[in-house]
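Residue numbers (the working numbering), protein chains in the order written: chain A, 1 to 319; chain B, 1 to 302. Backbone N, C-alpha and C define an ideal beta-carbon position, used for all residues, glycine too. Accompanying notes for the structure given below.
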Amino acid sequence: MILDVQNLRVEFPTRRGTLTALDGVSFSIAPGEVLGVVGESGAGKSITGMALIRLLEPPGRIAGGEVMLEGRRIDNLPHEEMRKLRGRKIGVIFQDPLTSLNPLYTIGRQLEETILTHLPMGKSEARSRALSLLREVGIPAPEARYEHYPHQFSGGMRQRVVIALALAAEPKLLIADEPTTALDVSIQAQIIALLKRIARDRGAAVMLITHDMGVIAETAQRVAVMYAGRIIEIGAAQDVIHAPKHPYTVGLMGSIPRISAQKHRLVQIEGAMPRLNAIPPGCPFNPRCPHRFDRCVVERPDLLPAGSSRAACWLHAAA
Amino acid sequence: MPLLELDGVSRDFDVSRPWLNRVIEREPRRHLRAVDRVSFAIEKGETLALVGESGCGKSTVARLIVGLYPPTEGGIAFAGRRMQMIFQDPYASLNPRWRVRDIVAEPIRFLGTSQKVDALLRQVGLSPDDGEKYPHEFSGGQRQRISIARALAGEPDFLVCDEPTSALDVSVQAQILNLMLDLQARLALTYLFISHNLAVVSQVADRVGVMYAGRIVELARSAQIFSRPRHPYTRMLLDAVPDLSRSGRARTAVAGEVPNPLALPTGCAFHPRCPYANERCRNETPPLEDGVACHAVREKRI
């Protein structure tokens with residue numbers, strides 16, 4: 001396993017009490033594997049990614065659990081060591097490529113700088129590596145684009161540059177937070193194909209955070225579904241998508257519009273996800289759940305085996 | 001007679017540099033044609049959807065119809081009673097300093113009836129008590145319900161919806177789309193539905209217009225567009241949609257990107273990305289005939 005997360009807990013202390021943004025999150029990613037993390041806004045997907053690279057917005061902090069990268073514990077590393085690890089061992093791709101690029105430097109300079117920071121290379125070596133990275137992510141005529149500034153690229157091309165930056169130091173773990181959300185569908189497909197190739201060819205572990213189930217279906221081998229700061233279902237992508245076990249996942253799958261020749265109503269889950277300061281006791285989904293029974297209201301379910309997946313739902317408790 | 005008819009509507013935007021730069025650098029004025037000779041009609045009670053990627057001109061069409069911009073060329077005829085618009089971002093389109101009751105009542109404030117507001121709130125699945133609250137107390141989906149209630153206040157028969165669910169989570173999106181379908185059935189509404197999401201469009205539209213670089217390239221019944229797309233761009237768009245049933249399989253990689261509207265390709269604007277393009281496509285712009293604007297389709301090459 002490249003990444004192993006055990007019982008991760010993230011808290012935001014506020015004046016009105018402590019909010020628990022992540023509660024007992026555990027998962028792992030193998031080399032060459034793409035793990036999809038899905039959920040609606042506020043479910044804790046991005047917080048999970050930010051906690052792994054220790055860039056939580058203050059006052060957020062890791063309040064418990066362990067994060068292991070290649071067998072080494074990284075959640076308690078001093079800041080300076082963590083800073084070296086980011087970029088070197090962990091590459092990050094964010095939703096908006098403009099926020100990850102410096103508008104005042106050419107993309108060539110930004111790539112070179114990243115390579116020189118992390119790898120023992122000379123300037124000319126760094127340049128040729130930068131060019132080969134640009135070629136690998138599919139930038140046409142990299143020599144000509146080398147001296148261009150970020151604003152001279154289109155959205156899709158910019159996201160490719162960001163991916164090249166994230167790959168600059170051969171990271172073992174790639175965290176991609178909504179990498180295709182800001183892009184048009186036709187460009188999305190290109191970026192997804194690129195991410196898949198990177199995982200396969202480089203044996204990197206990819207954590208793909210997205211709210212788009214379609215993107216997950218095409219990219220990820222395994223999926224973790226998050227709700228109110230917890231993983232409520234995790235399993236092979238095929239199983240979670242086609243035979244979801246948690247009632248929330250069932251509703252989520254039903255509410256996704258699909259291409260159809262007929263106009264019709266969608267399945268809908270009533271209500272909305274609870275805010276962090278009002279997570280109900282027991283199962284956090286119980287107020288919206290059509291299958292709720294007594295136990296759900298009082299006792300919180302852990303991930304239980306459900307078919308070939310695992311789901312945090314009392315329906316799957318051994319009788 | 002259709003409820004709304006667009007006849008050869010175009011819209012140019014002046015994107016010239018400032019006067020001094022133009023004089024010093026001897027640059028001419030520059031115009032960007034965001035919408036180019038678009039014609040279509042919407043019948044009473046139907047939903048026409050416009051789809052396309054960002055920058056294709058679909059939102060400009062919406063703004064032309066509601067009169068936020070005047071057209072540069074062409075005419076728009078509306079035979080209905082009243083139209084209203086629902087915007088994409090339910091955070092930006094509601095005044096944060098107003099109570100929900102006042103927001104919903106704004107279009108009818110001279111008629112002054114609080115009972116009307118209660119009924120409107122109930123109609124979109126909110127409770128009359130919610131009228132006393134402020135927008136920040138609501139989630140994105142509930143805010144979009146407030147926008148819909150406000151749009152319905154003036155009893156319009158035609159609603160222009162510009163990406164009404166794009167800012168929402170899927171489960172909330174399902175709630176809003178279902179609400180829109182219910183309201184259409186109950187109030188005999190006609191919708192123009194603008195979206196970049198083909199799957200959403202396939203759930204709500206009766207007819208679909210596909211836009212590319214300011215023009216409609218295909219216009220047909222929803223069932224036909226989604227089962228037998230004809231224009232190569234429509235096919236490409238449909239191939240690019242992530243599909244839950246195709247997990248693990250590669251989608252057809254799409255070549256190229258949307259062209260720069262300031263430097264549109266000659267002839268058919270799609271030709272640089274089109275696998276069927278030939279000499280004629282590079283030189284001659286295909287007109288929209290029989291629901292499709294494509295030389296290759298017309299010549300039966302595809």
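Buried or exposed (CB count within 10 angstroms, at least 16 for buried), residue i
i      : result
Q152/A : exposed
T352/A : Residue 352/A lies beyond the range of chain A shown here (1 to 319); nothing can be said about it.
L6/B   : buried
P286/B : buried
V137/A : buried
P281/A : exposed
F293/A : exposed
G248/B : In this prediction, G248/B scores a pLDDT of 46, lower than 50, which makes its location untrustworthy; the coordinate-derived value is nonetheless stated afterwards. So G248/B counts as exposed.
Y191/B : buried
S114/B : exposed
F87/B  : buried
L55/A  : exposed
K245/A : buried
P247/A : buried
E27/B  : exposed
R143/B : buried
E218/A : buried
F110/B : exposed
N260/B : exposed
Residue closest to residue i, alpha-carbon to alpha-carbon, out of the options
i      : options                           : result
I29/A  : K172/A, I62/A, N7/A and P274/A    : K172/A
E147/A : I269/A, P287/A, T106/A and K89/A  : T106/A
R122/B : I146/B, D102/B, H136/B and E106/B : I146/B
R375/A : R109/A, D96/A, E113/A and G65/A   : Nothing can be reported for residue 375/A: it is not among the residues displayed for chain A, which extend from 1 to 319.
L104/A : E143/A, L69/A, Y149/A and L85/A   : Y149/A
A41/B  : R143/B, R221/B and G131/B         : R221/B
R97/B  : T60/B, L120/B and P135/B          : P135/B
I175/A : I198/A, L183/A and V185/A         : I198/A
Y69/B  : V38/B, D102/B and D12/B           : D12/B
Y227/A : I187/A, M121/A and P301/A         : P301/A
P128/B : E155/B, P107/B and R99/B          : R99/B
L307/B : I176/B, C161/B and D162/B         : The requested residue 307/B is not part of the displayed model; chain B covers only 1 to 302.
A174/B : G24/A, M50/A and Q268/A           : Q268/A
R30/B  : A205/B, D14/B and G57/B           : D14/B
D182/B : R280/B, A223/B, V23/B and G45/B   : G45/B
E299/A : A205/A, S186/A and C283/A         : C283/A
G17/A  : G214/A, L276/A and P287/A         : L276/A
A293/B : F78/B, V160/B, Y233/B and M85/B   : Y233/B
Delimiting residues of the beta strand (DSSP E) encompassing residue i
i      : result
E143/A : Looking at the DSSP string, E143/A is not in any beta strand (DSSP E); the run it does join, the alpha helix (DSSP H), is P142 to R145.
L187/B : Counting along the chain, L187/B falls outside any beta strand (DSSP E), though it belongs to the alpha helix (DSSP H) covering V170 to L187.
V31/B  : First, the residue type needs correcting, since residue 31/B is His and not Val in the sequence shown. Per DSSP, H31/B belongs to the beta strand (DSSP E) from H31 to I42.
V297/B : Segment H295 to R298 is the alpha helix (DSSP H) holding V297/B; no beta strand (DSSP E) there.
E136/A : From DSSP, E136/A is part of no beta strand (DSSP E) but of the alpha helix (DSSP H) over K123 to E136.
E11/A  : L3 to T14
E73/B  : E73 to F78
M85/B  : M83 to I86
Beta carbon of residue i nearer than 8 Å to that of residue j
i      : j      : result
E73/B  : S10/B  : yes
L266/A : N197/B : no
E233/A : T210/A : no
I216/A : F226/B : no
I115/A : E70/A  : no
L85/A  : L133/A : no
A34/B  : G214/B : yes
I231/A : F27/A  : yes
M273/A : E40/A  : yes
A223/B : A237/A : no
V61/B  : L48/B  : no
M207/A : V10/A  : no
Start-to-end residues for the alpha helix (DSSP H) that takes in residue i
i      : result
Q115/B : S114 to Q123
T117/A : I107 to H118
R17/B  : Per DSSP, R17/B belongs to no alpha helix (DSSP H) and is neither H nor E.
M97/A  : Here residue 97/A turns out to be Pro, not Met, going by the sequence shown. Note, P97/A: alpha helix (DSSP H), P97 to S100.
R310/A : Segment S309 to A311 is the beta strand (DSSP E) holding R310/A; no alpha helix (DSSP H) there.
Closer than 7 Å: residue i CB and nearest the ligand SAH heavy atom
i      : result
F193/B : With respect to the ligand SAH, the structure shown offers nothing to examine, as it has no ligands at all.
CB contact below 8 Å: residue i versus chain D
i      : result
R265/A : Judged by its chain identifiers, the structure shown contains no chain D, and its protein chains are A and B.
What are the complete beta strand (DSSP E) segments, minimum 3 residues, inside the region 211-294 of chain A?
222-227 and 230-236
Quick one: complete beta strand (DSSP E) runs, 3+ long, within the region 51-76 of chain A?
61-69
Mind listing, in chain order, the continuous alpha helix (DSSP H) runs of no fewer than 4 residues lying wholly within the region 259-289 of chain B?
279-283
Could I get the ranges of all uninterrupted alpha helix (DSSP H) runs contained in the region 180-246 of chain B, with 4 residues as the minimum, in chain order?
198-204, 222-227 and 232-240
Jot down the residue ranges of each uninterrupted beta strand (DSSP E) in the region 122-171 of chain B, minimum 3 residues, whole runs only, in chain order.
158-162
For a minimum of 4 consecutive residues, which ranges assigned as the alpha helix (DSSP H) are wholly contained in the region 142-191 of chain A?
142-145 and 155-167
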